[in-house]
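Residues in the sequence shown are numbered from 1 upward in steps of one, following the UniProt record's numbering.
All C-beta atoms, glycine included, are put in the ideal place defined by N, C-alpha and C.
For reference, the structure discussed in these notes is given below.
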Amino acid sequence: MQERLTTDCDEVAGSGGLVDVEREGALLKDALRGLVGVFALHDVILIGYLVLTTMFLLGAPPTELRAQSMNRNLAGIAALVSVCLLVRRATFLAPLLRSVLYRLSLVGAFLLNYLSLRTLLPAVRSDSVDAELLHLDLLLFHVEPALWMERFNTRPIVEWFSFFYFSYFLICFLSMVLAVWVARPGRGTTEYAVGSTLVYCVGQLGYMAVPAYGPIKALSHLYQGPLDGGFFWGCVSSVVQAGGAMKDVFPSLHTAAPLWFALYTFHRARTDRRLFWLAVVAAFFSMNIIVSTMLLRWHYAVDVVAGVVLAVGTAWLTPRLVRWEEGLRARLGQPQPWSFR
Numbered sequence: 001m002q003e004r005l006t007t008d009c010d011e012v013a014g015s016g017g018l019v020d021v022e023r024e025g026a027l028l029k030d031a032l033r034g035l036v037g038v039f040a041l042h043d044v045i046l047i048g049y050l051v052l053t054t055m056f057l058l059g060a061p062p063t064e065l066r067a068q069s070m071n072r073n074l075a076g077i078a079a080l081v082s083v084c085l086l087v088r089r090a091t092f093l094a095p096l097l098r099s100v101l102y103r104l105s106l107v108g109a110f111l112l113n114y115l116s117l118r119t120l121l122p123a124v125r126s127d128s129v130d131a132e133l134l135h136l137d138l139l140l141f142h143v144e145p146a147l148w149m150e151r152f153n154t155r156p157i158v159e160w161f162s163f164f165y166f167s168y169f170l171i172c173f174l175s176m177v178l179a180v181w182v183a184r185p186g187r188g189t190t191e192y193a194v195g196s197t198l199v200y201c202v203g204q205l206g207y208m209a210v211p212a213y214g215p216i217k218a219l220s221h222l223y224q225g226p227l228d229g230g231f232f233w234g235c236v237s238s239v240v241q242a243g244g245a246m247k248d249v250f251p252s253l254h255t256a257a258p259l260w261f262a263l264y265t266f267h268r269a270r271t272d273r274r275l276f277w278l279a280v281v282a283a284f285f286s287m288n289i290i291v292s293t294m295l296l297r298w299h300y301a302v303d304v305v306a307g308v309v310l311a312v313g314t315a316w317l318t319p320r321l322v323r324w325e326e327g328l329r330a331r332l333g334q335p336q337p338w339s340f341r
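The following block contains the structure:
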């Protein structure tokens, strides 16, 4: 009976069938282990963003801007893949050197991705949907905040909110320094990297899906006059004119990013009470920046709502994604993303 059962099993499996299945499973696991050993989750999101935007460019009309953006994207993908391979596989290099190189590369990638939007956005879509966003504001809120807030167009108020709008760049820089360079590498660093990558990649994809110039340009004929600003308003205007993407409206990343940083800091403060007052300050700045986006005529109210949803959604999703990544790395016997030993 046992011989007959063994014979039947052999016939079902075929010659080497069970062995082949086991070998294929082992090969797939080895391949996954190799990929996880080279790429962290935030690396995959960032590279995926570049791949997706490249696909958008392939479907866009051929122009010089499209060619420039394509070349920049392909170079960015190659650079990110190369850096990940180098810092996680070139163990002959000192761990500190690989750690610093990796951190600098991520900062550079985020900065270059933002600066490239000025040519990328018009290459992907040359139209604008300002009229539709204005219609949504009027439908949902029965008023356009950028127009309604014109009653507060006095120099002290404009300067106050211009200061906070301009502080966005400082907040981005300081949060990155504290989370990536100062804090001990661990789950907090990974959460910051994954969450920030989600906020910026999803937000910038939103710019491509919903291209618009914002109230400052689209509604310029409805204002009674220019904003009555001084030094800080001049700084904001100069920076936007020099490096702004010009069609980066929906969702408002000036809303999403500072709010995400505040929510992230409150989340970290649950295990490190020293961060509580830092989180309170971050929230105060975030609230002022949100108001400034509309008072300074950069954003529609729906842009701000979308930014809030993006930040809150990221704050909810990020810890879950990080725990999943930690579990996957543990099962595959791979170190955590910020370990370069």
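Out of 233, 92 and 168, point me to the one whose CA is closest to residue 153's CA.
When each option's Cα is compared against that of residue 153, the closest is 233.
Under the rule that 16 or more other beta-carbon atoms within 10 Å means buried, what is residue 191, buried or exposed?
Buried.
Can you list, in chain order, the residues of its chain whose CB lies under 8 Å from that of residue 315, leaving out five sequence neighbours each side?
Closer than 8 Å at the Cβ level, and outside the excluded window around residue 315, lie 195, 260, 263, 264 and 267.
Going by beta carbon distance, what residues of the same chain come within less than 7 Å of residue 285, once the five residues before and after it are set aside?
The beta carbon of residue 285 is closer than 7 Å to those of 164, 167, 171 and 258 in its chain, skipping five residues each way along the sequence.
Going along the chain, which residues of its own chain have a beta-carbon closer than 7 Å to the beta-carbon of residue 269, five neighbours each way excluded?
Apart from the 5 residues on each side of it in sequence, residue 269 sits with its Cβ closer than 7 Å to the Cβ of 275, 276 and 279 in its chain, given in chain order.
Mind checking if residue 133 is an interface residue toward chain B, Cβ cutoff 8 Å exclusive?
The structure shown has no chain B; it contains just one protein chain.
For residue 303, the three-state DSSP class (helix, strand or coil)
Of the three classes helix, strand and coil, the one that applies to residue 303 here is helix, per DSSP.
Going by other Cβ atoms of all chains shown within 10 Å of its Cβ, with 16 needed for buried, is residue 151 buried or exposed?
It counts as exposed.
Which residues in the same chain have their Cβ closer than 6 Å to the Cβ of residue 307, if we skip the five residues on either side of it in sequence?
The residues are 251, 252, 255 and 256.
Assess contact between the stretch 132-150 and the stretch 215-223, defined as three or more Cβ pairs (one per stretch) separated by less than 8 Å. Is contact present?
Yes, the stretch 132-150 touches the stretch 215-223.
Within 10 angstroms of the Cβ of residue 204, are there 16 or more other Cβ atoms? Answer buried if so, exposed if not.
Buried, because 16 or more other Cβ atoms sit within 10 Å of the Cβ of residue 204.
Whose C-alpha, out of 30, 337, 23 and 26, is nearest the C-alpha of residue 185?
The closest CA to that of residue 185, considering only 30, 337, 23 and 26, is found on 337.
Beta carbon of residue 74, beta carbon of residue 53: below 8 Å?
Contact flag unset, no.
Within the same chain, show all residues whose beta-carbon is closer than 7 Å to that of residue 294, passing over the 5 residues directly before and after it, in chain order.
Answer for residue 294: 145, 146, 149, 301 and 304, listed in chain order.
Please report the distance separating the alpha-carbon of residue 290 from that of residue 29.
Distance between the alpha carbons of residue 290 and residue 29: 46 Å.
Take residue 37 and list the residues in its own chain whose beta-carbon comes closer than 7 Å to its own, dropping the five residues that flank it on each side.
Around residue 37: 88 and 334.
Residue 7 versus residue 51 - alpha carbon distance:
In this prediction, residue 7 has a pLDDT of 48, which is less than 50 and means its spatial position is unreliable; what the coordinates show is noted afterwards. Residue 7 and residue 51 have their C-alpha atoms roughly 51 Å apart.
Between 34, 26 and 80, which lies nearest to residue 106 when the distance is taken from Cα to Cα?
When the alpha-carbon of residue 106 is set against those of 34, 26 and 80, the nearest one is in 80.
Integer Cβ distance of residue 101 from residue 76, believed to fall under 8 Å
Not confirmed; about 16 Å, so no contact.
Option in 103, 70 and 297 with minimal Cα separation from residue 83
Ranked by Cα distance from residue 83, the first of 103, 70 and 297 is 103.
What residue range does the alpha helix (DSSP H) around residue 68 cover?
Counting along the chain, the alpha helix (DSSP H) containing residue 68 begins and ends at 64-89.
Put residue 297 into one of helix, strand or coil per three-state DSSP.
In the three-state reduction of the DSSP assignment, residue 297 falls in the coil class, being assigned neither a helical nor a strand state.
Beta-carbon proximity list for residue 169, same chain, < 7 Å, skipping 5 on both sides
For residue 169, where only same-chain residues beyond five positions count, there are no Cβ hits under 7 Å.
To the nearest whole angstrom, what separates the beta carbons of residue 47 and residue 197, a pair I think is in contact under 8 Å?
Not confirmed; about 10 Å, so no contact.
Residue range of the alpha helix (DSSP H) that includes residue 260
Here the alpha helix (DSSP H) through residue 260 covers 253-269.
Counting C-beta neighbours from all protein chains within 10 Å, is the total for residue 242 16 or more, i.e. buried, or is it exposed?
The residue is exposed, with fewer than 16 neighbouring Cβ atoms inside 10 Å.
Residue 160: first and last residue of the uninterrupted alpha helix (DSSP H) it sits in:
Counted as a single uninterrupted DSSP element, the alpha helix (DSSP H) harbouring residue 160 occupies residues 155-176.
Residue 239 to residue 162 span [Cα, whole Å]
Residue 239 and residue 162 have their C-alpha atoms roughly 12 Å apart.
Can you say whether residue 325 is buried or exposed, counting buried as having 16 or more other CB atoms within 10 angstroms of its CB?
Here residue 325 is buried: its Cβ has 16 or more other Cβ atoms, across all protein chains shown, within 10 Å.
Only counting the same chain, and skipping five residues up and downstream in sequence, which positions put a Cβ closer than 6 Å to that of residue 340?
For residue 340, where only same-chain residues beyond five positions count, the Cβ hits under 6 Å are 95, 98 and 99.
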